[in-house]
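Engineer:
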């Protein structure tokens, strides 16, 4: 195994899919209700075979290289394909443009065999040279300025990926700087979709893909997609998808009722319960302790804080944007350590831990929190935590600051305890545990991700080895051990996982929320009443 110092130059990429934020959300699941839009289509109505989808921040142009946050990854998923894909409803990996793959014995070369007969939207065939070219465009140093995905996911060249090559027309080889087990999860992200430069009818440059839909019309706040004939995975259920920029509840409710909108993906819990559904995502909120200084350099005091946070009371404060989290990993990530709750404990336990920590009574640490009140009222959540701890003789001050100020203070380690958040853009444990918990990510400054500045060589070794092994069973064992160590040390305490939301009309069929927020829409359709269904053999 590579020794830690050598590993350090490239190991910062081991956080590739984690972006740390200081905004939060929370909510309990709801089920689609048939109460929404009781107006059944009349026989005189025109049958629509397009889905109208509302979401905030609909882009007017698509570039997988910028599809990291917001609505862009969702739309990119419908237009572009990746070498491998996340399975429906989970973050397990399945074939996509590549039908099979294998890694060399040293884990440094991954070979992918491409699916035969796949074509880009302009009719040209997919080849290994096109795939390699798609990756290389994003790996070039000069591309890093405008391209946000590769730096965020893989830190660009020469991070994890050294080279992408095409030894023949159907084989793609990805050469790594070091063994990197989460590679497949990374490659399933829409930001790493395969795209080909093309020229539009107006002469403008654009990127085209091989996905189930192609872009046919784009304007500010509106993007129309049309089903791609001969798509390799079979025809999509809907002939057209029209994405519309819809942010506010009032607008969404009006357009859902008038049938101008079929599905709405809000950024926050919707006001309306009818037709709403939710599922846990991959963004967690947590309490970070500055472990380098008093008072939270004391492990037993950190344990006392976790024991004092009652998840039932916390859930009420989270309202409908998130739910309490009792694990270091969210539900959509494999390798979770189950059966060992992190939050909550008896008053006797809390007081015993406080006594053992020799809590200095004259000390009143500060809880740093973003001042934002929507979609989750973070100062209010901080007040709930303050009350929970205060009732057990753990008084806190609250310091509410702008998001930019909070980030600056976190990166400098200039705080006692902070409420912050991390997002995993994939389903591998490494992508959350490594950046939040290891020495590599504990260097102060803009690259800091381990805001607790906790350093433990034994934990580093466990997480590094887990990131380099090929077999899932061995990695699972190491991640269980790593989470047990975190549960004992508690440099940070997970407190909630955000919920993602959708609102759909009752005639929408086949909609399932994906943990990543990148939902498949080629399997979604409108339920056409029998009286409106075309006769066998009829054409439109």
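Numbering (the working numbering), first residue to last: 98 to 637. Think of the CB as a built atom: it goes at the ideal place given N, C-alpha and C, for glycine as much as any other residue. Please read all numbers here as calculations on a predicted model, not as lab measurements.
1) Rounded to a whole number of angstroms, what is the C-alpha to C-alpha distance between residue 426 and residue 377?
2) Need the endpoints of the alpha helix (DSSP H) that residue 531 sits in, please.
3) Provide the residue span of the alpha helix (DSSP H) that contains residue 204, from first to last.
4) Using a Cβ distance threshold of 8 angstroms, determine whether the region 428 to 441 contacts the region 570 to 586, with at least three qualifying pairs required.
5) Going by beta carbon distance, what residues of the same chain come within less than 8 angstroms of residue 321, once the five residues before and after it are set aside?
6) Is the region 368 to 382 close to the region 589 to 597, with three or more CB pairs under 8 angstroms?
7) Taking 8 angstroms as the threshold, find out whether the region 533 to 549 comes into contact with the region 499 to 518 through three or more Cβ pairs.
8) Distance check for residue 397 and residue 324, CA to CA, integer angstroms please.
9) For the alpha helix (DSSP H) that residue 147 lies in, which residues bound it at each end?
10) Let me confirm a value: residue 317 is counted as buried when at least 16 other C-beta atoms fall within 10 Å, else exposed. Which label applies?
11) DSSP state of residue 452, grouped into three classes?
12) Is the beta carbon of residue 181 less than 8 angstroms from the beta carbon of residue 192?
13) Comparing C-alpha positions only, which one of 279, 266, 269 sits nearest to residue 257?
14) Specify the secondary structure class of residue 564 as computed by DSSP and reduced to three states.
15) Comparing C-alpha positions only, which one of 174, 305, 404 sits nearest to residue 222?
16) Distance check for residue 600 and residue 133, CA to CA, integer angstroms please.
17) Compute the Euclidean distance between the alpha carbons of residue 549 and residue 220, then round it to the nearest angstrom.
18) Below 8 angstroms, how does it come out for the region 606 to 626 and the region 554 to 564: are there three or more Cβ pairs, yes or no?
19) Which residue comes first and which comes last in the beta strand (DSSP E) that contains residue 257?
20) Using CA atoms only, rank isn't needed, just tell me which of 522, 159, 375, 387 is closest to residue 183.
21) Looking at C-alpha atoms only, which residue of 270, 296, 295 is the closest neighbour of residue 284?
22) Could you check whether residue 288 and residue 441 sit closer than 8 angstroms to each other, using their CB atoms as the reference points?
23) Please work out which residues of its chain come closer than 8 angstroms, Cβ to Cβ, to residue 229, disregarding the five sequence neighbours upstream and downstream, and give them in chain order.
24) Excluding sequence positions up to five away, which residues of its chain have a Cβ less than 6 angstroms from the Cβ of residue 421?
25) Mark residue 517 as exposed unless 16 or more other C-beta atoms lie within 10 angstroms of its C-beta, in which case mark it buried.
26) Contact check, residue 447 vs residue 148 under 8 angstroms by CB: the rounded distance?
27) Buried or exposed: where does residue 414 fall if 16 or more other Cβ atoms within 10 Å of its Cβ makes it buried?
28) For residue 499, count neighbouring C-beta atoms within 10 Å of its own C-beta (all shown protein chains included) and say buried if the count is 16 or more, exposed if not.
29) Is residue 84 buried or exposed, if buried means 16 or more other CB atoms sit within 10 Å of its CB?
30) Taking residue 314 as part of the beta strand (DSSP E), name the residues at either end of that continuous run.
31) From the DSSP output, in three-state form, read off residue 237 for me.
32) Which partner residues of residue 593 appear in the DSSP bridge assignment?
33) CB-CB under 7 angstroms to residue 604, same chain, minus the five flanking residues each way: which ones, in chain order?
34) When the distance is taken between beta carbons, is residue 291 closer than 8 angstroms to residue 231?
35) Could you tell me whether the Cβ atoms of residue 463 and residue 392 are closer together than 8 angstroms?
Structural biologist: Let me spell this out:
1) Taking the chain shown and counting its residues from 1, the one referred to as residue 426 is at position 329. Taking the chain shown and counting its residues from 1, the one referred to as residue 377 is at position 280. For the pair residue 426 and residue 377, the Cα-to-Cα distance works out to about 12 angstroms.
2) As a first step, residue 531 must be located in the chain shown, where it is residue number 434. For residue 531, the enclosing alpha helix (DSSP H) begins and ends at 527 to 534.
3) Taking the first residue of the chain shown as 1, we reach residue 204 at position 107. Element bounds for residue 204: n/a, residue is neither H nor E.
4) yes
5) Position 224 of the chain shown, counting from 1, holds the residue named residue 321. Cβ within range, chain order: 312, 313, 314, 315, 337, 338, 339, 340.
6) Result yes; three or more Cβ-Cβ pairs closer than 8 angstroms.
7) yes
8) The residue labelled residue 324 in the question sits at position 227 within the chain shown. The residue labelled residue 397 in the question sits at position 300 within the chain shown. Straight through space, the alpha carbons of residue 397 and residue 324 are spaced by roughly 58 angstroms.
9) Translated into positions along the chain shown, residue 147 becomes position 50. Looking at the DSSP string, residue 147 is not in any alpha helix (DSSP H); the run it does join, the beta strand (DSSP E), is 147 to 152.
10) On the chain shown, position 220 is the one that residue 317 refers to. With fewer than 16 Cβ atoms within 10 Å of its Cβ, residue 317 is classed as exposed.
11) Working through the chain shown from its first residue, we reach residue 452 at position 355. Residue 452: helix per DSSP, three-state reduction.
12) Counted from its first residue, the chain shown places residue 181 at position 84. Counted from its first residue, the chain shown places residue 192 at position 95. Yes. Within cutoff.
13) Residue 257 sits at position 160 when you count from the first residue of the chain shown. Minimum Cα distance to residue 257 is reached at 279.
14) Taking the first residue of the chain shown as position 1, residue 564 is located at position 467. In the structure shown, residue 564 sits in a helix (DSSP, three-state: H, G or I).
15) Mapped onto the chain shown, residue 222 falls at position 125. The candidate whose alpha carbon is nearest that of residue 222 is 305.
16) As a working note, residue 133 is residue 36 in the chain shown. As a working note, residue 600 is residue 503 in the chain shown. At residue 133, the pLDDT of 41 sits below 50, so the modelled position is not reliable; the number obtained from the coordinates is stated separately. Those two C-alpha atoms are separated by around 9 angstroms.
17) Counting from one through the chain shown, the residue named residue 549 turns up at place 452. Counting from one through the chain shown, the residue named residue 220 turns up at place 123. Answer to the nearest angstrom: the Cα atoms are 52 angstroms apart.
18) no
19) Along the chain shown, read from residue 1 onward, the residue named residue 257 stands at position 160. In the DSSP assignment, residue 257 falls outside any beta strand (DSSP E), carrying neither H nor E.
20) To locate residue 183, count along the chain shown from 1; it is residue 86. Closest option to residue 183, Cα to Cα, is 522.
21) Locating residue 284 in the chain shown gives position 187, counting from the first residue. Selected option, being the one with the closest Cα: 270.
22) Locating residue 441 in the chain shown gives position 344, counting from the first residue. Locating residue 288 in the chain shown gives position 191, counting from the first residue. Not closer than 8 angstroms, so no.
23) To locate residue 229, count along the chain shown from 1; it is residue 132. Hits under 8 angstroms: 261, 262, 263, 269.
24) Start at 1 with the first residue of the chain shown, and residue 421 comes out as number 324. Closer than 6 angstroms at Cβ, skipping near neighbours: 408, 411, 412, 593.
25) Residue mapping note: residue 517 aligns to position 420 of the chain shown, counting from 1. Flag for residue 517 reads buried.
26) Looking up residue 447 in the chain shown gives position 350. Looking up residue 148 in the chain shown gives position 51. Not confirmed; about 51 angstroms, so no contact.
27) The residue you call residue 414 lines up with position 317 of the chain shown. Answer is buried; the Cβ neighbour count reaches 16.
28) In the chain shown, residue 499 corresponds to position 402, counting from 1. Label assigned to residue 499: exposed.
29) This structure gives no information on residue 84, because the portion of the chain shown stretches from 98 to 637.
30) In the chain shown, the residue the question calls residue 314 occupies position 217. That run of the beta strand (DSSP E) goes 310 to 316.
31) Residue numbering aside, residue 237 sits at position 140 when the chain shown is read from its first letter. Here residue 237 sits in coil by DSSP.
32) As a working mapping, residue 593 is identified with position 496 in the chain shown. BP columns for residue 593 point to 382, 421.
33) Within the chain shown, the letter at position 507 stands for residue 604. So the qualifying residues of the chain are 623, 624.
34) Residue mapping note: residue 231 aligns to position 134 of the chain shown, counting from 1. Residue mapping note: residue 291 aligns to position 194 of the chain shown, counting from 1. Result yes, Cβ atoms of residue 231 and residue 291 sit closer than 8 angstroms.
35) Working through the chain shown from its first residue, we reach residue 463 at position 366. Working through the chain shown from its first residue, we reach residue 392 at position 295. Cβ distance not < 8 angstroms, so residue 463 and residue 392 don't count as in contact.
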